[in-house]
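Working notes, beginning with the structure itself.
Residue numbers (my numbering), protein chains in the order written: chain A, 3 to 351; chain B, 3 to 351.
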């Protein structure tokens, strides 16, 4: 085992290498055609950046299954577990496109102004265009997933995962909105919401390549579970980062979840510890809140042990996810998927 | 050939019979589960009614191909052109669900308050819920289409049609919004917009059963063309009805297209005839317009021959669509599909 910094560099290099390939593929799968304004708006967030973690998971799983490496393979003509080839890059772009669609619509629903340091699509364009851009990405994700060249029976299963994933994301977002107006949310309910809103797309990213390449059902199931565990951990870590990372690095106001009264695993824990969560921040809007007000709120959550609790829960989920990777061949890509899971909860932002 | 009234009754009875079956199937395919508010909102417009023309076209094409009749077959276990059976009702519900999703999002974009005589979903619920309800229907339509039990290769083709149809609907809606701010729109551009916004879903409705049941490519193509022709005619007729049917019957303000500056084939024709279309209605909002103002505008459009021109264009499209039905066996269902095309442009509302 190498030292933590070397490990982190290795996983970050792996992510970067695949991110660049995904970035090259996005305009190939989503060219800007007529009507141009619609397609520009659809591409706006995708072009603004993003870590491409979901497509990277998808590509790494494909590589692990095929015992191949990014350097040696053509993702567009990737060796399946039998004789055929599959365009796993199309599948990778498809899940990123779904992610982008949900961000565009979520930003409208949450009335967020910024995303990835640039204006949200409904701010840069307008409400109508943002709704339509999301809707366009939605169907394009299916069109793209239909073009991997995998045998029809596998394509049907992959589409089934994609469609039910989208439904669950909507259910999760609906619960998230509902929780904002409820005085009590049970931790199980919170975790269910998180699973629906975030983790299912990681689940899909991890299991879709197994489906397309023809892996057995046990492998598909464990990989889905890896994605779910890691996705849950990722969201919990996001909630932690919302409180602990400076606004400039976050690309949005630190502590905005608290200001907006969002329930997270952190606030649930704090409530159980007797913290008056609703009074942690007095400011009524993200624009009005001060850094020192957020500092005080964070100190109180820290004192209640809530930040540690969230970090530990995320760490447990990551361990569970890593265990599931035993279904993969023991190779460098499996190691990277394990490290990626660790990185998701160790990352600074 | 029977007299027009008897013909109309025959086609209306056929539509009604299939509409009832579709209405029964909708709650089976889209049960109200948790989170309930989301699913209630998703079902709201579907439950408010609708003629179910698209699923009726789908079921009639299936019946025509199989030489079967609604009375004699189980749509859930429908005879394919080889030995297998297919749930064509699931496919029928799927296209209606897509239609409902587009209505919910269109009403937000057009800021329409009423739909089918009830409040639009974003009025009855709220913006967030309406966006999410549409998004949920979107993925549910794919989930439902994935469950017809058709062989995987046919399912893939049907999903391909569904996905590209959704993309085209978005493109059409984007053009529609863009046209409202443009001073000149060419008739070809208008027809392209209409085809994308409306006709493609009729095209999908007509060709998907052929794909699922295993018809040959020529049949699939001609049926798609039937849907496109009929869908274009339907939209043109809708534009005519917006001007000629009393508001109570329409379920919304008569002439609202004119008030909102919407370009239609009618206004394009009138403009070419030298009519100052932008000054036809002074009122700035649907709430402010008077019936007599609409009456005067309609009289001017009539004098310019624009209403007749739209009606004739629709009639030509219907004839073209009917010709394409020659690929179907000569049976009662083909006759009903011909009559249905006629009905779409003869209907009062």
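The C-beta atom is built at its ideal place from N, Cα and C for all residues, glycine as well. If you're wondering where the values come from, they're calculated on a predicted model, not measured in any experiment.
- Along the region 31-42 of chain A, going in chain order, the ones with a CB nearer than 8 Å to a CB of chain B are 36, 37, 39, 40.
- Straight-line measurement puts the Cα of residue 59 (chain B) at about 14 Å from the Cα of residue 70 (chain B).
- One Cα belongs to residue 264 (chain A), the other to residue 178 (chain A), and the distance between them is close to 8 Å.
- For residue 194 (chain A), the enclosing alpha helix (DSSP H) starts and ends at 189-196.
- Not a single CB atom of chain A sits nearer than 9 Å to the CB of residue 296 (chain B).
- Less than 9 Å separates the beta-carbon of residue 205 (chain B) from that of residue 229 (chain B).
- In the DSSP annotation of this structure, the continuous segment of the alpha helix (DSSP H) that includes residue 274 (chain B) starts and ends at 267-274.
- Less than 9 Å divides the Cβ of residue 47 (chain A) from the Cβ of residue 123 (chain A).
- When only Cα atoms are considered, residue 161 (chain A) and residue 162 (chain B) end up about 11 Å apart.
- Of the candidates B:74, B:239, B:83, B:138, B:138 places its Cα closest to the Cα of residue 38 (chain B).
- DSSP places residue 140 (chain B) in the uninterrupted alpha helix (DSSP H) bounded by 129-147.
- DSSP lists no bridge partner for residue 181 (chain A).
- Taking 9 Å as the cut-off, the Cβ atoms of residue 308 (chain B) and residue 277 (chain B) count as close.
- Contact check for residue 129 (chain B) and residue 110 (chain B): beta-carbon distance about 7 Å, within the 8 Å limit, so the pair qualifies.
- Here residue 200 (chain B) is buried. Its C-beta has 16 or more other C-beta atoms within 10 Å.
- The alpha carbon of residue 100 (chain A) has as its nearest neighbour, out of A:172, A:87, A:127, A:42, the alpha carbon of A:172.
- The beta carbon of residue 119 (chain B) sits closer than 6 Å to those of 253, all from its chain and outside the five residues before and after it, given in chain order.
- Annotation: residue 32 (chain A) is outside any alpha helix (DSSP H) and is labelled neither H nor E by DSSP.
- A straight line joining the alpha-carbon of residue 236 (chain B) with that of residue 286 (chain A) spans about 50 Å.
- Close partners of residue 22 (chain A) in chain B (Cβ separation under 7 Å) are lacking, with about 27 Å as the shortest Cβ gap.
- With its beta carbon less than 9 Å from one in chain B, residue 153 (chain A) belongs to the interface.
- Closer than 7 Å at the C-beta level to chain B, one finds these residues of the region 155-186 of chain A: 155, 157, 158, 161, 162, 165, 166, 168, 169, 172, 173, 175, 176, 177, 179, 180.
- Apart from the 5 residues on each side of it in sequence, residue 283 (chain B) sits with its Cβ closer than 8 Å to the Cβ of 257, 260, 261, 291, 295, 296, 299 in its chain, given in chain order.
- Distance between residue 145 (chain A) and residue 339 (chain B), taken at the CA atoms: about 30 Å.
- Residue 247 (chain A) carries a coil assignment under DSSP once its states are collapsed to helix, strand and coil.
- Under the three-state reduction of DSSP output, residue 331 (chain A) falls in the coil class, being neither helix nor strand.
- The beta carbon of residue 233 (chain B) is closer than 6 Å to those of 200, 201, 204 in its chain, skipping five residues each way along the sequence.
- When 9 Å is used as the limit between beta carbons, residue 190 (chain A) is near no residue of chain B, the shortest such separation being about 13 Å.
- In chain B, no part has a C-beta under 8 Å from the C-beta of residue 127 (chain A); the shortest such distance is about 11 Å.
- When the alpha-carbon of residue 341 (chain B) is set against those of B:78, B:55, B:132, the nearest one is in B:55.
- Sixteen is the threshold: when 16 or more other Cβ atoms of the shown chains lie within 10 Å of the Cβ of residue 170 (chain A), as they do, the residue is buried.
- A check of alpha carbon separations from residue 207 (chain B) across B:147, B:22, B:115, B:314 identifies B:147 as the nearest.
- For residue 80 (chain A), no CB of chain B lies under 9 Å from its own CB, so it is not counted at the interface with that chain.
- About 6 Å separates the CB atoms of residue 270 (chain A) and residue 187 (chain A); that is less than 8 Å, so the two are in contact.
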